[in-house]
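Student: Quick note: the sequence shown uses this note's numbering, first residue 18, plus one each step.
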Amino acid sequence: MSRPVTVAAAQLGPIARTEPRAEVVERLLVLLHDGHRHGAELVVYPELALTSFFPRWWLDDADLESYFETEMPSPDTKPLFDEAARLGVGFALGYAERTEDGHHYNTAILVERDGTVVSRYRKVHLPGHEDHEPERPFQHLERRYFEPGPGFHTDRAFGGQIGMAICNDRRWPETYRVLALQGAELTLIGYNTPLHYPPDPGQDHLQAFHNNLVMAAGAYQNGMWVVGVAKGGTEEGVAQLADSQIIAPSGEVVARCVTDGDEVVVAVCDLDRCAAYRQTVFDFARYRRPETYGPITDRTDKSTRDT
Ligand code: CDT
18 MSRPVTVAAA QLGPIARTEP RAEVVERLLV LLHDGHRHGA ELVVYPELAL TSFFPRWWLD
78 DADLESYFET EMPSPDTKPL FDEAARLGVG FALGYAERTE DGHHYNTAIL VERDGTVVSR
138 YRKVHLPGHE DHEPERPFQH LERRYFEPGP GFHTDRAFGG QIGMAICNDR RWPETYRVLA
198 LQGAELTLIG YNTPLHYPPD PGQDHLQAFH NNLVMAAGAY QNGMWVVGVA KGGTEEGVAQ
258 LADSQIIAPS GEVVARCVTD GDEVVVAVCD LDRCAAYRQT VFDFARYRRP ETYGPITDRT
318 DKSTRDT
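So this is what it looks like as structure tokens:
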């Protein structure tokens, strides 16, 4: 049996602070066509794919709001929705969302091949800090600008069960396991990862290693496909990791970007390969021992209780 879905990782290079949304959408369309030419049914774009990574700046309210989308599709993004539906290609797109009642999220949507939005995920793990830290060479103010989303879910789409996560979520094993426990066979992850980590520059040279380490482990330990897609290159003076990749349930990378600019790589992801792992070494029903996993959900940190 096989259940192939041809997936494109549509990596973006830098987006300048002044680059209009409509121009970014032109770039997304080029990547969409490239993916389509290579047989992709699903094109995955990065986190916050419509703007520069604005959490690097301490912004006043008016400036900040200008980075958020209040509708989707919007007049600027409608050409992407229309062209994708015309080609019969679905896509996943990350963007900053402001809801009608004024909530702010770091969001990704999944759009089916007919143009229908079938899933909306709001980032759970928000990294960085809340206040201005002028001693840093750049800020990471996700914890100020976004609220955490309510949780992980999967949706039936593209012939399988699809999950989404966003950037920092990929570093947490709970992300993949909670998705796998809801049947995820393919998890889509966009990211913006600065190469320099101000709290501990000793980690800088390990960014690419850690990126693959967490996503490959998540794929293997949960018997699922993982697609990680970067906005890479030097954006407004900040170097960001590229290295977008498509990872099989074995943990093996089957496609990988080689530049840090706009680039598409494609892989045929056979969703039936998940079963090989989920029915053997990671047969959850047979081998998991949730009665021993209580500390995973009853605390955030190590217990301070006497033992
Ligand atoms: N966008 C995002 O979540 N980036 C973080 C940067 C490191 S934490 C400041 C990441 O986990 O890649």
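Every residue, glycine too, gets a C-beta built ideally from N, C-alpha and C.
Does ligand 1 have even one heavy atom less than 8 Å from the beta-carbon of F70?
Tutor: Residue mapping note: residue 70 aligns to position 53 of the sequence shown, counting from 1. Yes, Cβ of F70 sits closer than 8 Å to a heavy atom of ligand 1.
Student: Between the alpha carbons of D197 and R303, how many angstroms are there, rounded?
Tutor: Translated into the one-based positions of the sequence shown, residue 197 becomes position 180. Translated into the one-based positions of the sequence shown, residue 303 becomes position 286. The sequence given here has Ala at residue 197, not Asp. Roughly 15 Å between the two C-alpha positions.
Student: With W75 and Q156 assumed to form a contact (beta carbons below 8 Å), what rounded beta-carbon distance in angstroms separates them?
Tutor: As a working note, residue 75 is residue 58 in the sequence shown. As a working note, residue 156 is residue 139 in the sequence shown. About 6 Å; that satisfies the 8 Å criterion.
Student: In angstroms, rounded to a whole number, what distance separates the CA positions of R115 and T87?
Tutor: As a position in the sequence shown, residue 115 is number 98, starting the count at 1. As a position in the sequence shown, residue 87 is number 70, starting the count at 1. Cα to Cα, R115 sits roughly 5 Å from T87.
Student: Determine the contact status of K248 and P31, defining contact as a CB-CB distance below 9 Å.
Tutor: For the purposes of this step, residue 248 is taken as the residue at position 231 of the sequence shown. For the purposes of this step, residue 31 is taken as the residue at position 14 of the sequence shown. For K248 and P31, yes; Cβs fall inside 9 Å.
Student: Give the DSSP-derived three-state secondary structure of A201 in the structure shown.
Tutor: For the purposes of this step, residue 201 is taken as residue 184 along the sequence shown, with counting starting at 1. DSSP places A201 in coil when its eight states are reduced to three.
Student: Please state whether DSSP places T314 in a helix, a strand or coil.
Tutor: Counting from 1 along the sequence shown, the entry for residue 314 is found at position 297. T314 falls in the helix class under three-state DSSP.
Student: In terms of alpha-carbon separation, which member of V246, D289, E164, E191 lies closest to H170?
Tutor: Walking along the sequence shown from the start, residue 170 turns up at place 153. Per the Cα distances, E191.
Student: Does the distance between the C-beta of G145 and the nearest non-hydrogen atom of ligand 1 fall short of 8 Å?
Tutor: Taking the first residue of the sequence shown as 1, we reach residue 145 at position 128. Checking every heavy atom of ligand 1 against the Cβ of G145, one is found closer than 8 Å.
Student: I'd like to confirm something about I183: is its beta-carbon nearer than 8 Å to some heavy atom of ligand 1, or not?
Tutor: Numbered from its first residue, the sequence shown carries residue 183 at position 166. It does: the Cβ of I183 is within 8 Å (strictly closer) of some heavy atom of ligand 1.
Student: Starting from A66, follow the beta strand (DSSP E) in both directions and report where the run begins and ends.
Tutor: Locating residue 66 in the sequence shown gives position 49, counting from the first residue. Where A66 is concerned, there is no enclosing beta strand (DSSP E), given that its DSSP letter is neither H nor E.
Student: DSSP three-state label for G268, please.
Tutor: Position 251 of the sequence shown, counting from 1, holds the residue named residue 268. The answer is coil: DSSP assigns G268 none of H, G, I, E or B.
Student: For A79, count neighbouring C-beta atoms within 10 Å of its own C-beta (all shown protein chains included) and say buried if the count is 16 or more, exposed if not.
Tutor: As a first step, residue 79 is located in the sequence shown; it is residue number 62 there, counting from the start. Exposed is the call here.
Student: Taking the alpha-carbon positions, what's the D277 to T251 distance?
Tutor: Residue 277 sits at position 260 when you count from the first residue of the sequence shown. Residue 251 sits at position 234 when you count from the first residue of the sequence shown. Taking the straight line from one Cα to the other gives about 9 Å.
Student: If contacts are defined as beta-carbon pairs under 8 Å, then L29 and P63 qualify, I think. What distance do you get, rounded to the angstrom?
Tutor: For the purposes of this step, residue 29 is taken as the residue at position 12 of the sequence shown. For the purposes of this step, residue 63 is taken as the residue at position 46 of the sequence shown. Their Cβ separation, rounded to whole angstroms, is 5 Å, which keeps L29 and P63 in contact under 8 Å.
Student: For V275, which residues of its own chain have a beta-carbon under 8 Å away from its beta-carbon, when the five flanking residues on both sides are left out?
Tutor: As a position in the sequence shown, residue 275 is number 258, starting the count at 1. Same-chain partners within the cutoff: there are none.
Student: Is the separation between the beta-carbon of L288 and that of E202 shorter than 9 Å?
Tutor: Locating residue 288 in the sequence shown gives position 271, where the first residue counts as 1. Locating residue 202 in the sequence shown gives position 185, where the first residue counts as 1. Yes. Within cutoff.
Student: Would DSSP call M18 helix, strand or coil?
Tutor: For the purposes of this step, residue 18 is taken as residue 1 along the sequence shown, with counting starting at 1. Coil at M18, not helix or strand.
Student: Assuming the contact rule is C-beta atoms closer than 8 Å, N209 and D260 should be a hit. Round their C-beta distance to whole Å, please.
Tutor: Working through the sequence shown from its first residue, we reach residue 209 at position 192. Working through the sequence shown from its first residue, we reach residue 260 at position 243. Contact doesn't hold; Cβ gap of about 13 Å is too wide.
Student: Enumerated in chain order, which unbroken segments of the beta strand (DSSP E) with a length of 3 residues or greater are wholly contained in the segment 85-118?
Tutor: As far as the segment 85-118 is concerned, its whole beta strand (DSSP E) runs of at least 3 residues are 107-115.
Student: Residues in the same chain with beta-carbon distance under 6 Å from V231, minus the five sequence neighbours each way, listed in chain order, please.
Tutor: Position 214 of the sequence shown holds residue 231. Within the same chain, V231 has close Cβ partners R187, R188.
Student: Quick check on V106: buried or exposed, where buried means 16 or more other Cβ atoms within 10 Å of its Cβ?
Tutor: Indexing the sequence shown from 1 puts residue 106 at position 89. Looking at its Cβ environment, which holds 16 or more other Cβ atoms inside 10 Å, V106 is buried.
Student: DSSP has G250 in a bridge; who is on the other side?
Tutor: In the sequence shown, residue 250 corresponds to position 233, counting from 1. DSSP output for G250 lists Q257 as bridge partner(s).
Student: Would you say the beta carbon of P165 comes nearer than 8 Å to a heavy atom of ligand 1?
Tutor: Along the sequence shown, one-based indexing puts residue 165 at 148. The answer is no for P165.
Student: So, for S91: in the same chain, excluding its five sequence neighbours on each side, which residues have a beta-carbon less than 8 Å away from its beta-carbon?
Tutor: The residue given as residue 91 occupies position 74 in the sequence shown. Closer than 8 Å at the Cβ level, and outside the excluded window around S91, lie R38.
Student: How many angstroms separate the CA atom of A26 from the CA atom of P312?
Tutor: Translated into the one-based positions of the sequence shown, residue 26 becomes position 9. Translated into the one-based positions of the sequence shown, residue 312 becomes position 295. The alpha-carbon atoms of A26 and P312 are separated by roughly 35 Å.
Student: Please determine whether the Cβ atom of P218 lies at a distance below 8 Å from any heavy atom of ligand 1.
Tutor: Residue numbering aside, residue 218 sits at position 201 when the sequence shown is read from its first letter. Outside the cutoff, so no.
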